[in-house]
Each structure stands twice: as C-alpha cells, then as structure tokens.
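Novice: Here it is, the structure, as structure tokens.
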Amino acid sequence: MADWVVGAHAVRALLAAAPQEVRRVLVAEGRRVPEVAELVADARAAGVRVETAPPAALRRRARSLGVGGGTAVAAERQAFTPAGERTFEARWPTFQQPLLVVLDGVEDPRNLGACLRTAEAAGAHAVLVPRRGSATFSGVVAKAASGALEHLFVVEVANLSRRLQWLREQGVWLVGGVDAGGGKHTDVDYRGPLAVVVGGEHRGLRRLTRERCDHLVSIGMAGEVASLNVSVALGVLLFEARRQRETAAPSV
C-alpha cells in the first residue's frame, strides 16, 4: 500500500529519516524557488525518482488529504505501519528511565499528528495507540506531525488495558490526564519510568484506562474555556515531566 505526504517540510523530513520508503517525489511545474530545488537535490541524492506535475494536480492531492491551500511538493511513500507489541517488548530493556505516551482513542487525524509531534518534541521513547478506535496513519497524520512520525517509535496495541497493566508490572507509573476531577498536574512526581496517558477528543479516557492509572491529573484553567485540545494538554503534561526529570534526581 502507498500513502502521500504533502508540503516541503514534511517531505524533507521523510527523505532525511526514511528515504527507502519514498517511491517518488512530485514537484509543481514552474516552481524555481531554492527550497524546492534543495529538496529535489536531496531526493535525487537518495536515489528517489523526481517528477513534475501541474500545480492544480498537487492542490487536488492536498485537498484529498484535507490540507487547505497550495503545495509545491508531495511524496508518495510506503504506508506507515506501527510496530507490534513483540517488537516493543524486545526493545523495552534498552529504554533508560522510559518516558512513554499512551493515546487512548484519538480519532481526528490532525489531532493524532499533533500529538505525535508533541511526543517527539518532548523526547518520548515510544507512543502507544490502540488498534481500534484511533485515527489511521494517513498522509493527514504525517502532515500534522510535521516530520515527527519518521523519528518516533509508534506501537499498535491490541488490548490497551492489558498493556497498561503490563507497564505497571514493569515499574512504570501511569499518569492520566482528565478534563476535571483529577489532582493538580504539577503536584505529581513525573520522575522515574513514566507513561502519560490522554484520551480521545469526545470521551476522554475510557473507564478501564482510568482504572489502570496511578494518578489522574487535571490542568487548571484560568479562562472560560473548559478544556484544552488533546495535543496541547499532552504537551503541558509532557513538558512538566521533562522539567521535573531534568532538574532533580528520582526519589528513592
């Protein structure tokens, strides 16, 4: 199967991280800007075929992915496939003080991509997503992730509740974000092996997921808005974790 990535930034990140997955790069006819020329040179250096296409064709491609506006560059790639749970368990011993992200049913592909971008920026070792009830890893996700998808270890999980229990048995603390009713998010100790768990756009954390969490935390809101977008909330929790982990050693 194949998928498409649109936009110079996303295509450049894909070429840098996984050129073997790129089947071809399309550039708009008549575009002579340095950014496009550099990207074409990178593609050819990696042995990737470069073709020109009418700008209208690229605009249609972008619209088919739900991306507005024009684009001068697109890449056809092998469809992204998350790692399996056996691969995750095999890699587990290599993680030092693991920082994990668990996405419990993020259904909007732009939100999923934004969460992946946030996880990569925070230095997460892995992102776990359930096999059912989540957005598929499409070009829309790749565009929103803005290059992060190629640098993340993403794992597809068959039974999220069971996998969360497995993480607890490995000594991982599970911190779940909820809109209301949780403790103050800055009052939790994020040091040591940690998984930050956030729910989907509409239902939040599912019941079994909530029950597996060691702590449920909420982000205090100063304005009239009741909650944050899931990727923004994830960023607040992850960077609080980073702040704590970088400024003090884990308690014994």
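Just so you know, we're using the working numbering here: the sequence shown kicks off at 1 and counts up by one.
Glycine included, every Cβ here is placed at the ideal spot set by N, Cα and C.
Source: prediction; values computed, not measured.
#1: Just list the beta strand (DSSP E) runs in the region 41-91, keeping only unbroken ones of 3 residues or longer that don't cross its boundaries, in chain order.
#2: When the Cβ atoms of the region 7-17 are set against those of the region 39-53, are three or more pairs found closer than 8 Å?
#3: CA-CA distance, A75 and R212?
#4: In the structure shown, what three-state DSSP assignment does R206 receive?
#5: DSSP state of L237, grouped into three classes?
#6: In its own chain, which residues sit with a C-beta less than 6 Å from the C-beta of P109, not counting the 5 before and 5 after it?
#7: Should V157 and P82 be called a contact, given that it needs their Cβ atoms to be closer than 7 Å?
#8: From the DSSP output, read off the bridge partner residues of S218.
#9: Quick check on DSSP: helix, strand or coil for V197?
#10: According to DSSP, what are the bridge partners of A126?
#11: Taking A16 as the reference, which of A124, A233 and G147 has the closest Cα?
Specialist: If we stick to the structure as given:
#1: 49-53 and 73-78
#2: yes
#3: 40 Å
#4: coil
#5: helix
#6: A135, S138, V140 and V141
#7: no
#8: K184
#9: strand
#10: L100
#11: G147
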